[in-house]
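For reference, the structure is listed below as C-alpha cells.
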Amino acid sequence: MTANLDRTECGGPPKAQNHLYAERIRRTGARAAVLAAILWLGACATQGPPPAPAAPSSPPAGAGGPVGIVYDPANPAFRASDVIGRTAPAIDKLFGAPALVRTEGVGELRRYDLAACSLIVLMLDAGQGALAAAELYASRRSSDAPEIDAARCLGVGRGPGA
C-alpha cells in the first residue's frame, strides 16, 4: 500500500516527479512571456527619421513614350474625333497597317503600334454591314513605360518623321 502513495492514481510517474514537470512548465511559460514582451517592445522601437518621399509617379509634362518623343497637348498629332466613326481603310491611312486584327463576334479589334503606345480600336457594326471605330484604348508598349491614355497616345501619333 505504501507504494501507491508515491504514485498518482493513474499509475503515472511519482508525485515528486510531477512537481518537477510543473515547475519546468512554469519556468518555460515565464521565459516565453519575457521573450514575447521583448519582441513586442522591439517592434515599437523607432527606426530614425522617416524615409524621404519618393519621386512623383506621374511622368513630367511632355513625357509619355520613348526618349525624344514629346506630347504637345496644344497641337496633338491626332484626336479621338479623327478616328471614332471611321472605317478600317480610313484608319489604316492615318496609322498604317495594323499590327493585329482580330474578329470578335460581329465586331473587330485592331491594334496599331504608334510611337508611344499601342492604340486599340474597337470596330463595331455601323449599319449596312460596315464596321466603324466605336471605342479607343491605349496601352504602353513596355512594362517600364509610364501609363498612357488614348488622348496622349493619339497626341504623340506615329512619332517624328511619320
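Numbering (the working numbering), first residue to last: -15 to 146.
Note that CB positions come from ideal geometry on N, CA and C, so glycine has one too.
Keep in mind it's a predicted model, so treat the numbers as computed, not measured.
Taking the Cα of residue 71 as reference, the smallest distance to any Cα among 17, 62 and 94 is reached at 94. In the structure shown, residue 97 falls within a strand segment according to DSSP collapsed to helix, strand and coil. The beta carbon of residue 134 lies closer than 8 Å to those of 64, 103, 120, 121 and 122 in the same chain, with the five residues before and after it left out.
One alpha carbon belongs to residue 76, the other to residue 86, and they sit about 15 Å apart. Among the bridge pairs identified by DSSP, residue 87 is matched with 92.
With fewer than 16 other Cβ atoms inside 10 Å of its own Cβ, residue 4 counts as exposed. Following the DSSP letters along the chain, one finds residue 75 inside the alpha helix (DSSP H) bounded by residues 72 to 79.
Following the DSSP letters along the chain, one finds residue 117 inside the beta strand (DSSP E) bounded by residues 115 to 123. Assignment of residue 65 by DSSP, reduced to helix, strand and coil, places it in the helix class. For residue 102, the enclosing beta strand (DSSP E) begins and ends at 102 to 109. With a 10 Å radius around the Cβ and a threshold of 16 neighbouring Cβ atoms, residue 90 comes out exposed. With respect to the C-alpha of residue 106, the residue from 74, 117 and 112 having the closest C-alpha is 117. Nearest to residue 99 by C-alpha distance, out of 66, 140 and 73, is 140. Here the alpha carbons of residue 58 and residue 84 stand approximately 30 Å from one another.
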